[in-house]
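Trainee: Per our numbering, the very first residue in the sequence shown carries number 1381; after that it's consecutive. First, the structure itself, so that you have it in front of you.
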Amino acid sequence: MEAIQALPLVVRHLGRVDYEPTWQAMRAFTDARTAETPDELWVLEHPPVFTLGQAGKPEHLLRETGIPLVKIDRGGQITYHGPGQIVVYLLLDLHRRHLKVRELVNLMEQALIDCLADYGLTAERKDGAPGVYIGGAKIAALGLRVRNGCSYHGLALNVDADLAPFTAINPCGYEGLQTIRMKDFGITDGIAEVGERLVGHLQRLLPLPTVSPTPALDRP
1381 MEAIQALPLV VRHLGRVDYE PTWQAMRAFT DARTAETPDE LWVLEHPPVF TLGQAGKPEH
1441 LLRETGIPLV KIDRGGQITY HGPGQIVVYL LLDLHRRHLK VRELVNLMEQ ALIDCLADYG
1501 LTAERKDGAP GVYIGGAKIA ALGLRVRNGC SYHGLALNVD ADLAPFTAIN PCGYEGLQTI
1561 RMKDFGITDG IAEVGERLVG HLQRLLPLPT VSPTPALDRP
């Protein structure tokens, strides 16, 4: 019997990039995958943008701000991305990692909780409301799309972001939900430092992928 080989996890630090072309690049990457394509984490920031998920209701945008709104294909409602918020997109073959979607969500939440614990912050999950919270206020959001057994989109953690745009929406569809950031607790590390810790926790928690060395056919 031939040995099973582990595939690398590629981490790409993309800096500050516009939302829409990044989303299209995730879709193209996922569509072009083969059984041997290594998984990737994309670590980045976005300029100010609201994104509205598949189930999103336009009325959750409470007022016009001049910030663009992009309707996208992840789950969930409306959220905000902007400078000072670390975003990690997880482009993973879930079959190879023997992961179910719910397990991946739990893993992402745990990585965020562990990252925040490194800074002395106690964060938690909320039943029925994916994300990570401190004292009932949301500090990190999650959203995924799975196609052909492969995930894209991911998570966003407020480090030192301007929180004012969150007041123009019902974050993730919840009226009156308070949002917070690490800076509010006196954390001075920036995007680069927090991102390095967060990626480390994701790498630690993700089960290793395996693939047969025998050439495999592309997915249909």
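For glycine and all other residues, C-beta sits at the position ideal for the given N, C-alpha and C.
1. Just to confirm my understanding: we take C1495, look at its own chain, exclude 5 residues before and 5 after, and list those with CB closer than 6 Å. What are they?
2. If you follow the alpha helix (DSSP H) that F1565 is in, where does it begin and where does it stop?
3. I need the DSSP call for L1543, collapsed to helix, strand or coil.
4. In or out: H1478 buried (at least 16 other Cβ within 10 Å) or exposed?
5. Under the three-state reduction of DSSP, which class applies to A1504: helix, strand or coil?
6. Quick one: residues in its chain with C-beta nearer than 6 Å to the C-beta of P1448, no 5 flanking neighbours on either side, listed in chain order?
7. Hey, how far is the Cα of L1543 from the Cα of G1511?
8. If I'm right that A1548 touches T1445 with Cβ under 8 Å, what's the distance once you round it to whole angstroms?
9. With L1471 and T1568 assumed to form a contact (beta carbons below 8 Å), what rounded beta-carbon distance in angstroms separates them?
10. Should L1597 be labelled buried (16 or more other beta-carbon atoms within 10 Å of its own) or exposed?
11. So the beta strand (DSSP E) N1538 belongs to, where does it begin and stop?
12. Give me the DSSP bridge partner(s) of F1409.
13. How would you call F1565, buried or exposed, if buried means at least 16 neighbouring beta carbons within 10 angstroms?
Mentor: Answer, in terms of the structure:
1. R1577, L1578 and H1581
2. Boundaries for F1565: no alpha helix (DSSP H) harbours it, and the DSSP string shows neither H nor E there.
3. coil
4. exposed
5. It is Glu, not Ala, that sits at residue 1504 in the sequence shown. Three-state result, E1504: strand.
6. V1429
7. 17 Å
8. About 5 Å separates the beta carbon of A1548 from that of T1445, a gap short enough to meet the 8 Å contact definition.
9. With 8 Å as the limit, L1471 and T1568 do not qualify as a contact, their Cβ atoms being about 31 Å apart.
10. Confidence at L1597 is low in this model, with a pLDDT of 40, below 50, so the placement of that residue should be treated as unreliable; the coordinate-derived value is given next. Per the 10 Å Cβ criterion, exposed.
11. C1530 to N1538
12. F1409 is not bridged to any residue.
13. exposed
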